[in-house]
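Per this note's numbering, residue 214 is the first one in the sequence shown, and the count goes up by one each step.
Here's the structure, in structure tokens; my notes come after.
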Amino acid sequence: MSNLNTQLDRAQLDAEKMHPREPRQQGAIPMWVADMDFPAAEPIRASLLKRMEQPSYGYTGKTARYYDAVTDWMKRRHQWDTKAEWITTTPGVVTAMGFAVRAVISPGEKVVYQPPVYPPFKRMIEQNGGIAVPSPIKLVDGQFQMDFDDLEAQLRDPEVKLFFLCNPHNPVGRVWTREELAKIGELCLKHQVKIFSDDIHHDIVLSGSTYTPIASLSPDISGITITATSPSKTFSIPGFKMGNIFIENKALRQAFRSVVESTGVSDIDIGAIEATIAAYNEGETWFNEVLQYIEANNALVDQFIADKLPQLTTFPLEGTYLKWIDCRALGLNGKELEGFMLEQANIWFSEGYTFGEEGAGFERMNLGTQRSNVEETLARLERALQARG
Ligand SMILES: Cc1ncc(COP(=O)(O)O)c(C=O)c1O
């Protein structure tokens, strides 16, 4: 068994999540950024130490050792056959979003995305010359769903050249089904729109759901798709900057690579290379334990809220370790809810309104943390809600 209950002193280690950006966050329990608190898998630590012991830190390339580790993982874990030549590495998935926008659209063209969603989606579209067109996710009978009628209405616009998919979806926690993905593929093919699929959370899939890479559905869909993955979320190693971007279509891959090259940040460093290889080749046992731990955290939150906090609503978590909590019954707007959580409950969540106006009234809670932190958060919530009456 791994030491998942061990609390590292992350403030001493300069962890981003531990450092308040404003006075109200001081002393509030940090349950915000998608960053696990677990000590990383021992084989990753051992492999990094072994490599760093060699005082040779010159330019380092990716060899078959690297590509085999990545493609074997995709095959073993997700039954997706990929080839080394499809992969371009980038120092992260957000970086790849910007590269994809520049590779696919001309300035002033449109990109459709689905809020509420990870804030850099909109930002990277706009900061790279695109017009971000929302097609919001809807809550239908207690489940978040895509609105395919609205989506098609947006994709039909000839100025729309790219669609940003998030699978699994941060923050609503859906793992899109084959049927939903096939429908997206069909619409994008029909309207000649390319797909950027941010699959960074693809391994974090809870029991009952199955992750499908949209590119695996058919050669035609693969031909229009850029799939962004990384071992960073899965293995709690996002401090290394890494991303594996899969593009089967050669022309699309060349377009993407020429943008990457134009920025001068075309490769990842020794630490990212070694950590990726160790994670994919030797980290699976650790990850399976983490997944069970997250599943138990999720069950605890659902049960506690159902039993004791009737003002709040949760949804079945299919993927990601991020719990999307509906607090709208409290009758507070986004900023008021933020104030309540920071000042009354002393909890630092990711604020729903930062994911787009559709997220106002929601909070996003990180479940990739020790059980004691989840329990403490729930206790603080209960006290603050009781005091509110
Ligand atoms: C959906 C999604 N994409 C990308 C990222 C960040 O990716 P990176 O650190 O590789 O840029 C996150 C981090 O929370 C995320 O949730």
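We put the CB at the ideal spot given by N, CA and C, even for glycine.
Exposed unless 16 or more other CB atoms sit within 10 angstroms - verdict on residue i
i	result
Ser348	buried
Met265	exposed
Asp294	exposed
His232	exposed
Thr498	exposed
Asp227	exposed
Leu550	buried
Gln292	exposed
Lys335	buried
Leu262	exposed
Gln367	buried
Gln327	buried
Min CB distance residue i to chain C below 7 Å
i	result
Pro252	You won't find chain C in this structure, because it holds only one protein chain.
Proximity to residue i [Cα-Cα], best of the options
i	options	result
Gly532	His382, Arg290 and Ala519	His382
Leu522	Ile344, Thr302 and Glu595	Glu595
Met359	Ala395, Ala542 and Pro332	Ala395
Cys401	Glu365, Pro384 and Ser420	Glu365
Ala428	Thr440, Gly421 and Leu419	Thr440
Ala464	Ser435, Phe377 and Ile417	Ser435
Gly386	Gly477, Tyr534, Val587 and Ala259	Tyr534
Arg577	Phe528, Ile481, Gln557 and Gln583	Phe528
Pro333	Asp354, Val587, Gly311 and Val353	Gly311
Glu589	Trp561, Ser475, Ser215 and Glu487	Trp561
Ile338	Val353, Thr284 and Gly321	Gly321
Simplified DSSP state of residue i, which is helix, strand or coil
i	result
Glu495	helix
Arg391	helix
Glu603	Past the boundaries of the shown model lies residue 603; the chain is included only from 214 to 602, so the question cannot be answered.
Lys454	coil
Ile490	helix
Val314	helix
Lys323	strand
Met231	helix
Leu525	coil
Ile560	strand
Gly500	First, the residue type needs correcting, since residue 500 is Phe and not Gly in the sequence shown. Phe500 falls in the helix class under three-state DSSP.
Met359	coil
Asn579	strand
Pro444	coil
Lys609	What is shown of the chain runs 214 to 602, which leaves residue 609 out entirely.
Ile538	strand
Asp520	helix
Gly532	strand
C-beta contact flag for residue i and residue j at 7 Å
i	j	result
Pro236	Gly572	no
Val306	Gly552	no
Val314	Gly343	yes
Lys407	Ile437	yes
Asp525	Asn511	Here residue 525 is Leu; the residue named in the question, Asp, does not match the sequence. Not a contact, by the Cβ cut-off of 7 Å.
Ile507	Leu591	no
Ala519	Ala558	no
Asp412	Asn462	no
Ligand 2 heavy atom lying under 6 Å from the CB of residue i
i	result
Ser443	Ligand 2 is not part of the structure shown, which contains ligand 1 as its ligands.
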